[in-house]
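Worksheet: the structure to be examined is printed underneath.
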Amino acid sequence: MEHRAYMSVKELKEALQLNSTHFLNVYFASSVREELAGAATWPWDKEALSPLGGVVLNPFYYGMPGHTNTMVHEVGHVLGLYHVFKGVSERESCDDPCREIAPSMETGDLCADTAPTPKSKLCHDPEPSNDTCGQAYFSGTPFNNYMSYTDDDCTDSFTPNQVARMHCYLDLVYQQWSQSRKPTPIPMPPMVIGQDQGSLTVYWLPPISGILYEREPGTLCGDCAEDGTFSQYVHEASSPRVCDSSGYWTPEEAVGPPDVDQPCEPSLQAWSPELHLYHMNMTVPCPQPYGCILELHFLHPVYPDSLMLWTTYLSTDSPKALSNIEILTEHGESIPLGPLDTFCDIPLTIKLNINKKVSGVKVYTFDERMEIDAALLTSMPQSPLCSNCKPIRYRVLRDPPFANGSPIAGIQMHRKFTDTEVTPGELYRYQIQGVAGTAVGEPSPPLIHIHGAPYCGDGKVTVSMDEECDDGNLLDGDGCSRTCKKEKGFNCVGEPSLCYVHDGDGVCEPFERRSSILDCGLYTPKGYVDQWATQAFASHQDEKSCPVSVVTGEPIVKVCKSHLQDLLQSHSLAAWFPCAPSQEDMQNENGEKMLFDDERVWLKVCFDRPGVATSVFVFLASDGIIPGDQHKLTVTVHLSDVSGHNHSLGTHELSCQRNPLVISVTHNPGSLPYRVASVLLNFSSPLVGISAVAMRTSSSSSTSIPNTCLLEHEGHGCQRHSGEHSSCLPLQLDHAAIVNCTSSAPGLMKCAVTCEMGFALHSSSGKGLSPMQKEVLLTCNSGQWDRSVTCDPADCGVPDQSLVYYAEFSCPEGTTYLKECSFSCIKPAKLQGMSQWLTCLEDGLWSLPEAYCKLECDAPHAVANAKLLVSGCLQGNHDVGSVCRYKCKPGYHVAGSMAGKPRKKFLKIQCLESGVWEEGTCVPVLCEPPPPVFEGMYDCTNGFELDSQCVLNCNPQSKRVPILCTKEGLWTEEFKLCENLQGNCPPPPELNFVEYKCEQGYGIGAVCTPSCIIPPSDPVILPENVTADTMDYRLEPPKIQNIVCTGRLRWYPDPTVIHCIQSCEPFQADGWCDTINNRAYCKYDGGDCCSSTLSSRKVIPFAADCDQDECTCRDPAAEENQ
């Protein structure tokens, strides 16, 4: 039995198995992380109601000065409270949606009565400071709140919003902590849904827990719905797919309710076939023919109504993410549903018309990066599992009372009541109580209504009640909310209100002039001036392929897309996309835009009239997001004033969801405001696309003096240029089908231009053109054309690999209209068909190929020490997926056979998609080494391989009978100690802080168990001249379980090479970089110390100090060290 002086917190909880469903458990546990005073589980964690839930407190701190309120703080977390500084000090970027600028129920700690504050231990408001998001000022901060980090001398209260939030989670999650059988409260006042001259109908929501049935101990009523349907999440999950070595993405992540925070982004809270956490660009394909499999089982077999599956992440290159779903019945039958489409932002709901009890489901996929978070099986109505559940009933309280003086009781279905004892013009007050048996819940908040007065939901917009719309119902999501407010993005007209989505429909309506940049352009409020950039310079631009001049003036394209290649084909000259100086350098062999990763990408824009800026607008054409990449692309913004000084606006996340990116500019109240002349944008990726940049300034601060913008940046400044011509030069356009010109005055001319078939308009200077634009109107004023256009042939670009797989293309004459490209097959692929030519057509697409390249394998190579079983394999032209089989010769077995399993004699190799055969070999049989007690007592002719002969060296010499290793991997005889061999090993010396327990004595074959004098430490073997103090973190020494007294009367392993090194902390892969675990022996803390192996990409050190390199990324397999 193993004896230790310590155990991990998780082991403690699992050993105690305390119930978290009915009690709040508080554990006291010491930790080598002395700075950790306490920890807690969130109410939404899967462990919240398991034995792993509760609070852990460090007894080193508990009750000590400055830490007397630690338990209160941690219980706050258990009941759903965040730190009050969450929106300031725990945000990921300046554009983090949780960033808190003003008190709000939707950002920061989700409480509107705690002001934004940074993390601080001070008992007063913090001083103004600069952070990555610019200058920050904080006042009225909740430094006396229990959820701050202020010392206990200050913390003394929760706010009303925090108290309400804790009560909600007590009712939602921890109902059984209370011994009361009363129903949970009804959270909202009842609502009027109908009235006439003599009646009033009200409706109310269910109790706050959402549970419509009484809960008795041991029943399943908490999972039953009003119609008797029973819903259950996965109870057990398994997969034949090997789990990632980090321990992430295991099948257990699919057990229980969904807990992925952000769908459509990679997460560690879901199952995935992904096998390479440390190399996100490497995947192991799901095996043919079925793919990767996840098997899910439910605790209670039921007759099913529907199955809901949360697929929270999908690879974009997988068209059919779910290749098959099999429904598993109670009696072992399997019912396939076939391939299904699914999405990452909404759960997949499948209606099941199966007249058999279902107990599980099998999910098949070929998407190696798919993530499955949870599954929910719902039964048919009136399930027997819900038959003993009693529905909650309701009482209606009224003031003035009803005629009989008592509340109306016994209401059950539909939560609706019609009061016929009403008088027009009289004021009534209604409240609802839940009733469970003899227990009565607390009354709901009151509805106060004058009979006959208008109400939300009557189909009439009542301005005096602050109604913005009224569509005659109380539903959210249809444009008019249940509080009769217009929902975001909707406009509502008429009575009853008809609501429609207005933003982005191309029509600028009067009400959206101030809000819809997409439809109406940038709106300038009174007292401000908006100006577009007039000059631009960039680190990467080319006048033909990616001119930076297109970012000046208003944006041509208002569409923002993440996939850069789509935009380069449709809007390549409508926005600036960073590129190399020439077209040849701009593309790789696939025709894709490329840029060296180590180059810095910047854009500098200048404005004609410097002024005191209040906002900067960056209009995106692409946010540069790569599908499957966890990196969030950012831009760092600097302003340059007229004096040449720079001012940082911080780093902001780029997203098409927030286009344009609006960056507020704040000025220090204690100093004079500065006038901005230019804006410098530094991008974290070359994959962005910028269509325009604007600056908003105070109208009183703008100057009419032209800005020469001569401040240098990377050798480029901004200067003004002008030119004048008195007459218009005639247009000379090749391949123009129509040129219609008119002149209304001297020096003023307009020409409409259309190109021939197969040619497209192209703007070589000034603003670009839409790719679908067939005609352009050019204007000449005072001898200056507003732009220069040409009719260029349609360019099909280098043919894509999808046209002909396994082929390479040659286009010696180019890729424009009517030009031809040939293709040849990349070996070992072979041509099937006659014509190897493609023609560029007038629509910019290549003609369909009349041949293809077929991938085949030649005859497989000979396998040494094996016999081929399939004679047909000696011929060539094997299709991909073909299999050849071999049998290993006697004394050999298939390489890679699992230890402890029967050795495989038959070898199978497959023709791979690369056109080569899978590797496979037959290796010699090896016998097991003799037990350690024989160490140094035998000589073997060929190690432990087949036919090797081993002879024991006994003294005096006795009959020396050789022991042979047979083809079965067994010795012909058992190794035995020499006759008359006697004696004892000396007691093992206690060196290097190691002590030994020798319960069997010191005789030959006796075993001693080493342990470390100073726990927590592990006994390991270190190389010669290496000690625990000098051991390099890259060493991974073997841990020693015991030593043996050999027949030579020596201990094996030698105690002189056994040392004690510090044990690994149990908190690996928890998101905190633990310096103790940041070494090879502890698997580099499960990846917590390298940003590339963290889902958040942010390393959080968890150590008393990091004076040396303990907190750096040491893992040699991490991206940072490649």
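Take the sequence shown: its position 862, counted from the start at 1, is 862 in full-length UniProt numbering, and no numbers get skipped.
Don't be surprised by glycine CBs; every beta carbon is placed ideally from N, CA and C.
In this structure, does DSSP put residue i in helix, strand or coil?
i: HIS167; result: helix
i: GLN176; result: helix
i: residue 1158; result: With the chain represented from 1 up to 1122, any question about residue 1158 goes unanswered, as that position is not in the structure.
i: HIS667; result: coil
i: CYS221; result: helix
i: TYR523; result: coil
i: HIS77; result: helix
i: CYS1113; result: coil
i: TYR430; result: strand
i: GLY479; result: coil
i: ASN992; result: coil
i: MET757; result: coil
i: THR70; result: helix
i: MET370; result: coil
i: LEU12; result: helix
i: VAL804; result: coil
i: ASN145; result: strand
Going by the CB atoms, is the gap between residue j and residue i shorter than 8 Å?
i: VAL78; j: ALA40; result: yes
i: LYS46; j: ASP259; result: yes
i: ASP939; j: CYS965; result: no
i: PRO828; j: LEU855; result: yes
i: PRO190; j: SER406; result: no
i: PHE759; j: CYS780; result: no
i: ASP519; j: CYS499; result: no
i: VAL601; j: PRO673; result: no
i: ILE101; j: PRO116; result: yes
i: LEU761; j: VAL776; result: yes
i: LYS889; j: CYS922; result: yes
i: SER148; j: THR159; result: no
Taking 8 Å as the limit between beta carbons, can you name the residues of its chain near residue i, skipping five residues before and five after?
i: VAL551; result: ALA533, ALA536, ALA575, TRP576, LEU603, VAL605, ILE690, SER691, ALA692, VAL693
i: ASP96; result: GLU653
Please report how far the alpha carbon of residue i lies from the alpha carbon of residue j, in whole angstroms.
i: PHE596; j: PRO1116; result: With a pLDDT of 44 at PHE596, under the threshold of 50, the modelled position of this residue cannot be trusted, and the question is left open.
i: LEU845; j: LYS867; result: 52 Å
i: HIS83; j: PRO185; result: 27 Å
i: GLY814; j: THR636; result: 40 Å
i: PRO929; j: LYS905; result: 22 Å
i: HIS638; j: LYS561; result: 25 Å
i: PRO555; j: LEU620; result: 9 Å
i: TYR27; j: PRO1066; result: 16 Å
i: TYR430; j: LEU475; result: 21 Å
i: CYS492; j: ALA112; result: 29 Å
i: LYS558; j: PRO273; result: 38 Å
i: PRO251; j: LEU307; result: 18 Å
i: GLY228; j: ARG395; result: 22 Å
i: ASN659; j: VAL618; result: 8 Å
i: GLY1087; j: SER267; result: 15 Å
i: VAL789; j: GLN773; result: 12 Å
Taking 7 Å as the limit between beta carbons, can you name the residues of its chain near residue i, skipping five residues before and five after?
i: ALA321; result: THR311, LEU314, THR342, THR365, ASP367, MET370
i: ALA15; result: none
i: ASP223; result: PHE230, SER231, GLN232
Apart from the five residues just before and just after residue i, which ones in its own chain have a Cβ nearer than 6 Å to its Cβ?
i: ALA807; result: PHE823, CYS825, CYS853
i: GLN910; result: VAL883, GLU918
i: THR201; result: ILE193, GLY194, THR418
i: ARG99; result: GLY87, ARG91
i: LYS13; result: PRO51, LEU52
i: THR141; result: ALA115, THR117, ASP125
| task | Specify whether the segment 1061 to 1072 and the segment 1093 to 1104 touch according to this definition: at least 3 beta carbon pairs, one from each stretch, less than 8 Å apart. | result | yes
| query | Would you call the segment 294 to 306 and the segment 364 to 384 in contact, with 3 or more CB pairs under 8 Å? | reply | yes
| message | Using 8 Å as the cut-off, can you tell me whether the segment 326 to 338 makes contact with the segment 228 to 243, which would need three or more C-beta pairs spanning the two stretches below that distance? | response | no
| message | So, does the segment 997 to 1004 touch the segment 977 to 986, judging by three or more C-beta pairs under 8 Å? | response | yes
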